[in-house]
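Peer 1: Protein chains in written order, with my numbering: chain A, 1 to 114; chain B, 1 to 114. We treat Cβ as the ideally placed atom computed from N, Cα and C, and that holds for glycine.
1) Okay, do the segment 68-86 of chain B and the segment 8-19 of chain A touch, 3+ Cβ pairs below 8 Å being the bar?
2) Tell me whether residue 34 (chain A) is buried or exposed, calling it buried when 16 or more other Cβ atoms sit within 10 Å of its Cβ.
3) Is residue 45 (chain B) close to chain A? Criterion is C-beta to C-beta, closer than 8 Å.
4) Check residue 7 (chain A) in the structure and name its three-state DSSP category.
5) Helix, strand or coil for residue 110 (chain A)? Go by DSSP, reduced to three states.
6) Label residue 39 (chain A) either buried or exposed according to how many other C-beta atoms from any shown protein chain fall within 10 Å of its C-beta, with 16 as the threshold for buried.
7) Could you check the C-alpha separation between residue 100 (chain B) and residue 53 (chain B) for me, to the nearest Å?
8) Contact check, residue 105 (chain A) vs residue 19 (chain A) under 8 Å by CB: the rounded distance?
9) Taking the alpha-carbon of residue 54 (chain A) as reference, which of A:71, A:60 and A:43 has the nearest alpha-carbon?
10) Helix, strand or coil for residue 92 (chain A)? Go by DSSP, reduced to three states.
11) Could you check where the beta strand (DSSP E) with residue 59 (chain B) kicks off and where it finishes?
12) Indicate whether residue 68 (chain A) and residue 110 (chain A) have their beta-carbon atoms separated by less than 8 Å.
13) Do residue 112 (chain B) and the ligand NAD come close, with the Cβ less than 7 Å from some heavy atom?
14) Could you pull the start and end residues of the beta strand (DSSP E) that residue 15 (chain B) belongs to?
15) Which residues mark the beginning and the end of the beta strand (DSSP E) in which residue 66 (chain A) is found?
16) Exposed or buried, which one is residue 28 (chain A) when buried takes at least 16 other CB atoms within 10 Å?
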């Protein structure tokens, strides 16, 4: 059973649309949830960090966590062609004071059409 | 924004050779992490390193791998006898300072084993 599931896409939307990206997970111990953006052959870039359930907004980005459903989402408003990238969800149980590292989804390839 | 740097950006080696990948993490943090990403696959946790000791390691991190902090600022990942399947992007990561599992990633080293 895979720990973190993420639809690889590609997901193609027109410029200005609202984008919804999602991950599901199986490990109920996960408490910390992150979204990263990755361009081809580059390092992941941290976009959002949330703890436990709830919403967090930062500019055009909103992260949602529903621990009861083991489901997290990232919404991008007013999408731009520069948002085209692979979006990775990542999560951690926070065990050992942070020793446990992050568990990633495979990433969703997003294409914003001008 | 703080930066994590990695060298070299690309390393080509022959199977069976030893390679050393280097990272300069965000300063004043005791926790560091190494991850790898095989082309087209998810980012995978390798090892966490705290206060000059391995804190936790994944099943990928076998006896061929080692990590060191040779001086106050550098952090290395050594692969003793490379295999073809070690070809991947290797990322080091450093906490942002707000939480250990909120991590900045370096740009990565692309390792190609021939």
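Peer 2: Short version:
1) Segment contact: the segment 68-86 of chain B against the segment 8-19 of chain A, fewer than three CB-CB distances shorter than 8 Å; contact not assigned.
2) With 16 or more other Cβ atoms from the protein chains shown falling within 10 Å of its own Cβ, residue 34 (chain A) counts as buried.
3) It does: the Cβ of residue 45 (chain B) has a partner Cβ on chain A nearer than 8 Å.
4) Residue 7 (chain A): coil per DSSP, three-state reduction.
5) In the structure shown, the three-state DSSP call for residue 110 (chain A) is strand.
6) When all chains shown are included, residue 39 (chain A) counts as exposed.
7) Answer to the nearest angstrom: the Cα atoms are 16 Å apart.
8) That belief does not hold up - the Cβ atoms of residue 105 (chain A) and residue 19 (chain A) are roughly 16 Å apart, past 8 Å.
9) That would be A:71, whose Cα lies nearest to the Cα of residue 54 (chain A).
10) Looking at residue 92 (chain A) - three-state DSSP - the assignment turns out to be strand.
11) That residue, residue 59 (chain B), is in no beta strand (DSSP E); it is neither H nor E in DSSP.
12) Contact: no.
13) The model on display carries no ligand, and the ligand NAD is accordingly not part of it.
14) In the DSSP assignment, residue 15 (chain B) falls outside any beta strand (DSSP E), carrying neither H nor E.
15) Membership of residue 66 (chain A) in the beta strand (DSSP E) is indicated by the continuous run 61-66.
16) Counting Cβ neighbours within 10 Å, residue 28 (chain A) comes out exposed, since fewer than 16 surround it.
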